[in-house]
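Colleague:
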Amino acid sequence: MKWLLKLVVVAAIVWSGYWYIGAQTQEKLYASLLENSRAEGWTAESGNLGVAGFPSRFDTTLTDLNFATPDGDWGWRGEKIQIIAQSYQPNHIVMSWSGTQVVDTPAGSATITSEMLRASIVVAPKVALPLSRLQLEGQRLELEDTHWQAKIETLNLALFQEEDTPRRYRLGANLTNITPPDSTSSFIGGGTYLPEIIERIHLSALLDFDGDINREALDSRQPPKPVSAIIETATIIWGSSELSISGELKRADNGYVEGQLAFEVKGWQPLFDVFKQASSLTTTEKITLRRALDSAAGGGNLAFTLVLDNGEARIGPFIVGPAPVYPF
1 MKWLLKLVVV AAIVWSGYWY IGAQTQEKLY ASLLENSRAE GWTAESGNLG VAGFPSRFDT
61 TLTDLNFATP DGDWGWRGEK IQIIAQSYQP NHIVMSWSGT QVVDTPAGSA TITSEMLRAS
121 IVVAPKVALP LSRLQLEGQR LELEDTHWQA KIETLNLALF QEEDTPRRYR LGANLTNITP
181 PDSTSSFIGG GTYLPEIIER IHLSALLDFD GDINREALDS RQPPKPVSAI IETATIIWGS
241 SELSISGELK RADNGYVEGQ LAFEVKGWQP LFDVFKQASS LTTTEKITLR RALDSAAGGG
301 NLAFTLVLDN GEARIGPFIV GPAPVYPF
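Take the sequence shown: its position 272, counting from 1, is numbered 272 in the working numbering, and each next residue is one higher.
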């Protein structure tokens, strides 16, 4: 049995050495990231950097974080972030945020608080580190700036790379009990037509990107953009109304988004009342469209197709607004 004991001791020493080297590498990697970012003109500050988790994990903790682009338009400040990697599977990391996060954008700053917010990221074991899987999970999120506040009870988001098409990803999203900002609530009637809380938003889609999502793309500061989307199902449950959407969209040569979206609506009347407030149609056109929708629904669910073409959005012969401009 002595040889077995010696084997165990040797294995423990080797593993301890592996963990120590890995921990040192982790510290140097994050320190180098901060230093290189500052050299490129970014604001990149961290109050504390340390690695723990022996023997099975590399737990990197950064506190008092402050990141901002060289022009100062975009930034992120956070109290604490923890980055966890299994020592036997370093290409899979889990990130969790604690405390208050502040996101700066050209439009202003937003504060994010949550009961739980974490992400799981898996990259393929290749030189370019292509993204294989991204998952984001949150509970009781609150988003707030000086003019508005929004809440989300649960958030689940996933992005999975398709095996046979490296630039195609499957996107899934599920949000529950969403409280939109007061300005949005007022814009859609302030609870007159629909409740103030959206019960559920669900999305399943396939996205094609114009480039590979990997380390090189991030280094180039030009992240890949989606150029086409197959929306398998998108569902919004809001009060007595339930909206389901499916279809295909793509980037058009004229700079707009084009394609078709099929809509099916249960309890469509409250949603139409909201649409009337947002639409630029004349009163006569709204009355005509309402009669057409009444006729099309025939007392049941409403089904119609929204066509995006040549910079316009149409339902049948009616132009209901401009098509979205690409990029969004």
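Even for Gly, the Cβ is constructed at its ideal location relative to N, Cα and C.
Identify whether residue 287 lies in helix, strand or coil by the three-state DSSP scheme.
Modeller: Helix.
Colleague: Residue 71 to residue 105, Cα distance in whole Å?
Modeller: The alpha-carbon atoms of residue 71 and residue 105 are separated by roughly 11 angstroms.
Colleague: Alpha carbon to alpha carbon, how far is residue 153 from residue 258?
Modeller: Each residue's Cα considered, the two are about 33 angstroms apart.
Colleague: Residue range of the beta strand (DSSP E) that residue 138 falls in?
Modeller: Element bounds for residue 138: 131 to 144.
Colleague: What's the gap between the Cα of residue 68 and the Cα of residue 74?
Modeller: Whole-angstrom Cα-Cα distance: 6 angstroms.
Colleague: Find out if the Cβ-Cβ distance for the pair residue 332, residue 248 is shorter than 8 angstroms.
Modeller: Residue 332 is absent from the model: the chain starts at 1 and stops at 328.
Colleague: What three-state label does DSSP hand residue 319 in the structure shown?
Modeller: Residue 319: strand per DSSP, three-state reduction.
Colleague: Can residue 59 and residue 47 be called in contact, C-beta distance under 8 angstroms?
Modeller: Going by C-beta atoms, residue 59 is not nearer than 8 angstroms to residue 47.
Colleague: Quick check on DSSP: helix, strand or coil for residue 184?
Modeller: Residue 184 falls in the helix class under three-state DSSP.
Colleague: Is any non-hydrogen atom of the ligand GTP found closer than 7 angstroms to the C-beta of residue 85, if you look at the structure I gave you?
Modeller: This structure lacks the ligand GTP; in fact it carries no ligand of any kind.
Colleague: Comparing C-alpha positions only, which one of 176, 157, 167 sits nearest to residue 211?
Modeller: Nearest C-alpha to residue 211: 167.
Colleague: Assuming residue 241 and residue 266 are in contact, meaning their beta carbons sit under 8 angstroms apart, how far apart are those beta carbons, in whole angstroms?
Modeller: Residue 241 to residue 266, Cβ: 7 angstroms. Contact.
Colleague: Could you tell me the distance, in whole angstroms, from the CA atom of residue 12 to the CA atom of residue 139?
Modeller: Residue confidence for residue 12 is low, a pLDDT of 35 falling below 50, so the modelled location carries little weight and cannot support an answer.
Colleague: Looking at C-alpha atoms only, which residue of 177, 178, 171 is the closest neighbour of residue 204?
Modeller: Comparing Cα positions, the closest option is 171.
Colleague: How would you call residue 323, buried or exposed, if buried means at least 16 neighbouring beta carbons within 10 angstroms?
Modeller: With 16 or more other Cβ atoms within 10 Å, it is buried.
Colleague: How is residue 241 classed by DSSP in three states: helix, strand or coil?
Modeller: Three-state result, residue 241: strand.
Colleague: For residue 89, count neighbouring C-beta atoms within 10 Å of its own C-beta (all shown protein chains included) and say buried if the count is 16 or more, exposed if not.
Modeller: Classification for residue 89: exposed.
Colleague: Residue 291 to residue 239, Cα distance in whole Å?
Modeller: Rounded to the nearest angstrom, the two C-alpha atoms are 23 angstroms apart.
Colleague: With a cut-off of 8 angstroms on the beta carbons, I'd call residue 216 and residue 128 a contact; round off their distance for me.
Modeller: Going by Cβ atoms, the distance from residue 216 to residue 128 rounds to 5 angstroms, so yes, they are a contact pair.
Colleague: Near residue 144, what residues of its chain come up, given a Cβ to Cβ distance below 6 angstroms and the 5 sequence neighbours on each side ignored?
Modeller: Answer for residue 144: 111, listed in chain order.
Colleague: With residue 306 and residue 243 assumed to form a contact (beta carbons below 8 angstroms), what rounded beta-carbon distance in angstroms separates them?
Modeller: Their Cβ separation, rounded to whole angstroms, is 12 angstroms, which puts residue 306 and residue 243 out of contact at 8 angstroms.
Colleague: Figure out for me which residue from 113, 94, 207 has the closest Cα to the Cα of residue 102.
Modeller: Residue 102 has its Cα closest to that of 113, out of 113, 94, 207.
Colleague: Between which two residues does the beta strand (DSSP E) carrying residue 104 extend?
Modeller: Counting along the chain, the beta strand (DSSP E) containing residue 104 begins and ends at 89 to 105.
Colleague: Could you please give me the residues that DSSP links to residue 312 through a beta bridge?
Modeller: Note: residue 312 sits in a beta bridge opposite 309, 322.
Colleague: Around the Cβ of residue 213, are there at least 16 other Cβ atoms within 10 angstroms (buried) or fewer (exposed)?
Modeller: Counting Cβ neighbours within 10 Å, residue 213 comes out buried, since at least 16 surround it.
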